[in-house]
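Numbering (full-length UniProt numbering), first residue to last: 1 to 518. Worksheet: the structure to be examined is printed underneath.
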């Protein structure tokens, strides 16, 4: 099954088109994205490559790689939403491309195309590559690290060794030591299960050279930021945002052991129905197929690691997704499938999605005006119905899977281009911007939605007491104060006029904006 030498180019741009859909027009709002993008903007404004800050305060959450890419994009496209998200989309398209290329090399084009189709169908994966956050960079460079390891093991060609260590260094710059842990553990387990964990093999990986290459890329910034912040960034990042995040629930993102597995099941819709069989056959093939063994190891290690972590988020297991997709793609293209049941299950699930979304939006007062957007997801069961029609017409499995995926891909496009912009317009920051003169001074009391910082593109000083609030308005009588309802009782004694009162989307707080009432 050969479809031409230009196929990889087409696949790259198809993924890039999907991952850039709507990124220019959707305001920066989601909590993590707001903080990451504003941090990059502040570093860009200061021309500072070392110290990350959010609202002029040290930000210790993440290393700088995604900031650097966003800063470069700001230089080319200006400081805006498109620039902040541009390289995330590039990372997504590249992740799918290299996964296709390596899978094609070792399993053939049919499996590789199915693997690519499974990944681009994943709405969860697509959402991640729409955001200005570090995960797209970690996903790509971890994927490249793992593929380079596998290629070097198979061919023993030194450029792949350099690629592996260089991409590992960049992955460490993207999100920290977790990249080193996964790469090392996955490589070790692969050699052990191959019964090739011998000094002769280990020596070929030139570990000393690896330390040098990876270290030259990753270490200098960690040293510089430690010196520039008197060790504060280093302490906070390694202890709070790595060790504590693993051992303790942080920011309300806890959950039970199976939560990460549920994230994975949801992420691979509509191919979740084949997930168990794919892992079962991978286990059976582990001794005869190196690629399947390696993909299974990477998938299981990453998913299990985050399953036992105290802090759990949907994006955490995503570095495993390219390799999970390989397992599913291999199963779908090499084994006899029972299609009837899975297709009808997908139709049922597809019908539940728009209904569930509509009910959920009706229950949230801030989303009631846009609840009808949920019906756009009817394209998902439409795709499943099309696949069922093809099945009963005895059409090829390739055509059935294309129909199944088409509904989800179309749902993704409608989500990014129509539904999400409509929902996003209900967020308190966008509501506030319609009534605020952004040239006036702004301060906050208690807490403020981080999206205000990037939207206003200026420092928002904190007022710590009602007296400071009063002093702020005495100096800036035409200014604004941002706050939340949880602390509004502190301000009752002040002559303030509330001009915005809007629940924060996807969060349990309500934003308020005040002016001084003369």
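Every residue, glycine too, gets a C-beta built ideally from N, C-alpha and C.
State buried or exposed for residue i, treating a residue as buried only when at least 16 other CB atoms are found within 10 Å of its CB.
i           : result
residue 475 : exposed
residue 1   : Since pLDDT at residue 1 reaches only 45, below the 50 mark, its modelled position is unreliable, and the value read off the structure follows with that caveat. Looking at its Cβ environment, which holds fewer than 16 other Cβ atoms inside 10 Å, residue 1 is exposed.
residue 225 : buried
residue 173 : buried
residue 59  : buried
residue 493 : exposed
residue 443 : buried
residue 519 : Missing from the structure shown is residue 519; the chain here goes from 1 to 518 and no further.
residue 71  : buried
residue 207 : exposed
residue 10  : exposed
residue 130 : buried
residue 153 : buried
residue 414 : buried
residue 6   : exposed
residue 412 : buried
residue 405 : buried
residue 38  : buried
residue 373 : buried
residue 218 : buried
residue 192 : exposed
residue 495 : exposed
residue 54  : buried
residue 429 : buried
residue 346 : buried
residue 315 : buried
In terms of residues, what are the limits of the beta strand (DSSP E) holding residue i?
i           : result
residue 482 : 480-484
residue 488 : First-last for residue 488: undefined, no H or E at that position.
residue 498 : 496-503
residue 443 : 442-445
Since residue i contacts residue j with CB under 8 Å, what's their CB separation in whole angstroms?
i           : j           : result
residue 377 : residue 354 : 4 Å
residue 307 : residue 268 : Not a contact, Cβ separation roughly 16 Å.
residue 27  : residue 88  : Between residue 88 and residue 27 the Cβ distance is about 16 Å, and since that is not below 8 Å, they are no contact.
residue 95  : residue 140 : 5 Å
residue 134 : residue 65  : 7 Å
residue 366 : residue 502 : 7 Å
residue 350 : residue 384 : 5 Å
residue 312 : residue 259 : 5 Å
Residue range of the alpha helix (DSSP H) that residue i falls in?
i           : result
residue 510 : It is not in any alpha helix (DSSP H) - residue 510 instead sits in the beta strand (DSSP E) that spans 510-516.
residue 147 : 135-155
residue 370 : Careful: residue 370 lies outside any alpha helix (DSSP H) and carries neither H nor E.
residue 273 : First-last for residue 273: undefined, no H or E at that position.
residue 165 : 158-175
residue 43  : 31-46
residue 14  : 7-20
residue 361 : 340-363
residue 320 : Where residue 320 is concerned, there is no enclosing alpha helix (DSSP H), given that its DSSP letter is neither H nor E.
residue 390 : 379-392
residue 435 : Neither: residue 435 is in no alpha helix (DSSP H) and is coded neither H nor E.
residue 196 : Element bounds for residue 196: n/a, residue is neither H nor E.
residue 25  : That residue, residue 25, is in no alpha helix (DSSP H); it is neither H nor E in DSSP.
residue 452 : 451-456
residue 419 : Premise fails: residue 419 is in no alpha helix (DSSP H) and is neither H nor E.
residue 210 : 207-228
residue 232 : 232-235
residue 299 : 290-307
residue 73  : 65-77
residue 88  : 81-107
residue 258 : Taken as a continuous stretch (DSSP letters only), residue 258 belongs to no alpha helix (DSSP H), as it is neither H nor E.
residue 124 : 123-128
I'd like to confirm the pairing. Which residues does DSSP put opposite residue i in its beta bridges?
i           : result
residue 58  : 53
residue 462 : 444
Comparing the CB of residue i with every heavy atom of the ligand ADP, is any distance shorter than 8 Å?
i           : result
residue 377 : Looking for the ligand ADP in the displayed structure turns up nothing, as the structure carries no ligands at all.
Can at least three beta-carbon pairs, one atom from the segment 291-310 and one from the segment 325-332, be found at a separation below 8 Å?
Yes, the segment 291-310 is in contact with the segment 325-332.
Would you check if there are 3 or more beta carbon pairs closer than 8 Å linking the segment 142-159 to the segment 109-125?
no
Give a yes or no on contact between the segment 76-87 and the segment 148-159, applying the rule of three or more CB pairs nearer than 8 Å.
no
I want to know whether the segment 447-461 touches the segment 32-41 - three or more CB-CB distances under 8 Å.
yes
Can you confirm whether the segment 235-244 touches the segment 276-292 when touching is taken to mean that 3 or more C-beta pairs between the two stretches lie within less than 8 Å?
no
Meets three-Cβ-pair contact criterion under 8 Å: the segment 122-131 and the segment 13-23:
Enough Cβ pairs lie closer than 8 Å, so yes.
Cβ contact check for the segment 504-515 and the segment 476-487: 3 or more pairs under 8 Å:
Cβ pair count under 8 Å is three or more, so yes.
If we count Cβ pairs, one from each stretch, closer than 8 Å, do we get three or more for the segment 74-81 versus the segment 170-187?
no
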